[in-house]
Structure formats: structure tokens, C-alpha cells
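Student:
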Amino acid sequence: MKRGIHKQLAVAVVVALGAIAPESVQAQGESAVPFLLISPNSRASGIGETGTGSVDDASAIFWNPAALAFLE
Numbered sequence: 022m023k024r025g026i027h028k029q030l031a032v033a034v035v036v037a038l039g040a041i042a043p044e045s046v047q048a049q050g051e052s053a054v055p056f057l058l059i060s061p062n063s064r065a066s067g068i069g070e071t072g073t074g075s076v077d078d079a080s081a082i083f084w085n086p087a088a089l090a091f092l093e
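In this text, residue positions in the sequence shown follow the numbering used here: the first is 22, and each later residue adds one.
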């Protein structure tokens, strides 16, 4: 009887540790260098970081490099 209880307790501990461990793994940041997540200009940051359509300044290099062909 005691052997069964110990076995169930061991399984419960392993399951509990398995449920807790992924939280600590997911707590890491998205990038090794967080400054890469900062928007290059305030205009695009102000409109929700949707700067792919604006090709009228130098930040087009960051948002949409293909649009550089249309710069004058």
C-alpha cells in the first residue's frame, strides 16, 4: 500500500515540476539585443509600427528596402 502511495506521489511531483518548468523557459526575452525591437523613427512608432507603406524618408531602409527604388 505504501509503495503505491509513494509511486503516485512521485508521479504527481514530476507532473507538477513539468508544469512549472516551461514558465521559466518562456520568461526569456525575444532577442539577445533588445534594442533591435525599438522602432527606427517616431512616425512609424506612432502609427503602430506600420511603416511599410511610407517610403518618403530614410527609414524605408528598415521598413521596406524594396521601396527604395521609388525614392527621388
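Glycine residues also receive a C-beta, built at the ideal position from the N, C-alpha and C atoms.
If you draw a straight line from the alpha carbon of ARG64 to that of ALA81, how long is it in whole angstroms?
Tutor: Spanning the two alpha carbons is a distance of roughly 12 Å.
Student: So for ALA81, helix, strand or coil by DSSP?
Tutor: ALA81 falls in the helix class under three-state DSSP.
Student: Anyone know if the C-beta pair for ASN85 and THR73 falls short of 8 Å?
Tutor: It is a contact, given that the beta carbons lie within the stated cut-off.
Student: Does LEU92 come out as helix, strand or coil in the three-state DSSP assignment?
Tutor: If DSSP states are grouped into helix, strand and coil, LEU92 belongs with coil.
Student: Hey, quick one: how far does the alpha helix (DSSP H) through SER60 stretch, first residue to last?
Tutor: Looking at the DSSP string, SER60 is not in any alpha helix (DSSP H), and its letter there is neither H nor E.
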